[in-house]
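Input: a single structure, listed below in structure tokens.
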Amino acid sequence: MWIMLIAMFVIMYFFMIRPQNKKQKEIANFRKSLQVNQNVITAGGIHGVIKEINDDYIVLEIASNVKIKIDKNSIFADASAANSQSATK
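If you want it as structure tokens, here you go:
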């Protein structure tokens, strides 16, 4: 009985918790590697170019002379990488 319960938790760890932790580490490393003039996509789907990087926030240019200040954690993906992935599909 106990063996089945322990086995169930081990399976949950390897199929649910571990991949989620791995994905969180990848996103954290991506956010640490952000650079000025990099094309990015926010979690809300806004595409823009990074113009300024601070500890907690990023200034993102979304159109000519239109800049917004967003939380660093809302950056979701590199736009150039996302565009190349969609082009290969």
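Be aware that the sequence shown starts at 752, since it is given in the numbering used here, and climbs by one per residue. Positions of the beta carbon are idealized from the N, C-alpha and C atoms, including for glycine. Computed from a predicted structure; not experimentally measured.
Could you tell me whether the stretch 788-797 touches the stretch 758-767, where touching means 3 or more Cβ pairs closer than 8 Å?
no
Classify G799 as buried or exposed, calling it buried when 16 or more other Cβ atoms lie within 10 Å of its own Cβ.
buried
According to DSSP, is V787 helix, strand or coil?
coil
R769 versus F827: straight-line alpha-carbon distance, rounded:
20 Å
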